[in-house]
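In what follows, a single structure is set out as structure tokens and then discussed.
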Amino acid sequence: MRGFLRTSQGAGAGSAYLGVSFLLSGVFTYVFQGVSARALGPEGYGGLAVLWAATFLTVQIVWIGASQTLGRHIAEREARGEGWMAVGDSVRRLQFWMLGAFVILALVLSPFLVGSLFDGEVFLYAAFVAAVAAYAPEYFLRGVFAGRRMFARLGAIHFVESSSRAVLVLVLLAFGAGAWGPAAAIVAAPLIGVALVGSRTPPPRSPSSGGGFSAWGALGFAGPVVVCVACGQAYLNGGPLLLGALGASRVEIGVLLAALILTRIPQYVLSPAIAALLPHASRAFASGGGRALDHFLASSLAVVAIAGLAMVGGAWVFGEWGMRLLYGPGFEADRSLLALLAALAAVYLICEVMSQALFALGEQRRAALAWLLGLPAAVAIFAALLETAPIYRASLSLAIGAATAAATMAVFYLLARKR
0 MRGFLRTSQG AGAGSAYLGV SFLLSGVFTY VFQGVSARAL GPEGYGGLAV
50 LWAATFLTVQ IVWIGASQTL GRHIAEREAR GEGWMAVGDS VRRLQFWMLG
100 AFVILALVLS PFLVGSLFDG EVFLYAAFVA AVAAYAPEYF LRGVFAGRRM
150 FARLGAIHFV ESSSRAVLVL VLLAFGAGAW GPAAAIVAAP LIGVALVGSR
200 TPPPRSPSSG GGFSAWGALG FAGPVVVCVA CGQAYLNGGP LLLGALGASR
250 VEIGVLLAAL ILTRIPQYVL SPAIAALLPH ASRAFASGGG RALDHFLASS
300 LAVVAIAGLA MVGGAWVFGE WGMRLLYGPG FEADRSLLAL LAALAAVYLI
350 CEVMSQALFA LGEQRRAALA WLLGLPAAVA IFAALLETAP IYRASLSLAI
400 GAATAAATMA VFYLLARKR
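First residue of the sequence shown? That's 0 in numbering that gives the first Met the number 0, and the numbers climb one at a time after it.
The structure is reproduced here in structure tokens:
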């Protein structure tokens, strides 16, 4: 088993390993959410909803740039037979400085955020800061595993993280823990994944450093990626935070997060796999040129489109029943809201695929611009729906913003291919 996790896999086998791992990870995520919701009730679950949304939105913003930088440049250097130690060292230094900046900013903003977002619950805010810090080493390993095509190991770290979070919350709640039980599980899960899967990472195939690579050079690629992820997470996970900022009740916030999680079953499986597509897209473009990248993009979009239709249809037909089954009494959402949230997740997946193709072309700045251009559309719709219920107002505006970003990225990709 150890040897299997140490080997590289091709696109087909790697996708299969990732698909199984992410499917199981999604199941454990639903176990965590369902158990927490039933134990805490709608009011208590609302506080956890804010912690969950804030944590994973911030984690993506802070750490995904480092992970994508590792995946891209390790793949390129290994394809040329070069070492990548300089890349790893530079990204590690970059993460160190980013972690310091995040902690300082979190301390400075704590009086405002604890009161306005976390409803005065200091322990939830402390869990938020600790969880964001705990994900730094895991995202470093995700980038290394993706760049080296160790997809079995990449899937394993996702699986261990999600399963340990579910097991911890079951144990803690069984022993009478309140809201601090799920919060502690969120903090501990990535550390357990790194400890069990990340130890004894194999060295580069080439012992050389492969040439210099500065931390600021890494940030040159990671910066636009961070903008893309920040906007994407705002569309995908910003709903509960937006309701909190508008003064919505904890029950409304909890119901929205519960509905968001329920409608994303395929997205939980596909989104991490899409994030690992960049090395494949880079290899396709480097070896086969634009036509190979076109074929790669078309195949990926076809899979995402089928999954998106299944998400919307499943939410419309089975969503209300699923809410009752997974979360229990007090968590009601009608099928129109559930289908809308499923459409938001589907459009987000399309944006992710288009982003990977633009990254492979070296058009990460245009990808970031496309994500940004969706925000004015979301703001305009949000401003126009003053008489609409807040939960629908937030959901529809974010869905239209994501759709605008997807259309803009498609235009940018076609223009880049013509050049």
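Note that CB positions come from ideal geometry on N, CA and C, so glycine has one too. This one's a predicted model, so the numbers in the text were calculated from it and none came from an experiment.
Query                                                                                                                                                                          : Result
Just the C-alpha distance for Arg76 and Ala176, rounded to the nearest angstrom, thanks.                                                                                       : 48 angstroms
If Leu420 sits next to Val34, beta carbons under 8 angstroms apart, how far is it from one beta carbon to the other, in whole angstroms?                                       : Here the chain has residues from 0 to 418 only, and residue 420 is not among them.
Relative to the C-alpha of Ala291, which residue among Ser162, Ala356, Pro41 and Leu242 is closest?                                                                            : Ala356
Locate the alpha helix (DSSP H) running through Trp449, then write down its first and last residues.                                                                           : One cannot answer for residue 449 here, as it falls past the ends of the chain, which runs 0 to 418.
What residues in its chain sit with their C-beta under 7 angstroms from that of Ile273, if we drop five residues either side in the sequence?                                  : Leu348, Glu351, Val352 and Gln355
Express the C-alpha separation of Gly289 and Arg418 in angstroms, rounding to a whole number.                                                                                  : 10 angstroms
Skipping 5 residues on each side, what residues in its chain have a beta carbon closer than 6 angstroms to that of Ser24?                                                      : His157, Phe158 and Ser161
Can you give me the C-alpha to C-alpha distance between Ala38 and Gly231, rounded to a whole angstrom?                                                                         : 31 angstroms
Quick check on Pro375: does DSSP put it in helix, strand or coil?                                                                                                              : helix
Straight-line CA distance for Trp96 to Glu331?                                                                                                                                 : 43 angstroms
Expressed to the nearest angstrom, what Euclidean distance is found between the alpha-carbon atoms of Val346 and Ala379?                                                       : 19 angstroms
In three-state DSSP terms, what is Ala130?                                                                                                                                     : helix
Among residues of its own chain, excluding the 5 on either side of Leu245, which ones have a beta-carbon nearer than 7 angstroms to its beta-carbon?                           : Pro389
Report the option in Leu140, Glu319, Leu116 and Val113 whose CA atom is closest to the CA atom of Val86.                                                                       : Leu140
According to DSSP, is Gly197 helix, strand or coil?                                                                                                                            : coil
What is the C-beta distance between Phe101 and Val49, in whole angstroms, given that I count them as a contact (C-beta under 8 angstroms)?                                     : Not really, about 18 angstroms apart at Cβ, beyond 8 angstroms.
Identify the continuous alpha helix (DSSP H) that holds Phe330 and give its terminal residues.                                                                                 : No alpha helix (DSSP H) contains Phe330, which DSSP labels as neither H nor E.
Is it the case that the segment 224-239 contacts the segment 311-320, given that we only count it when at least three CB pairs across the two stretches are under 8 angstroms? : no
Cβ of Ala257 within 9 angstroms of Cβ of Tyr44?                                                                                                                                : yes
Is DSSP giving Phe174 helix, strand or coil here?                                                                                                                              : coil
For Gly119, which of helix, strand or coil comes out of DSSP?                                                                                                                  : coil
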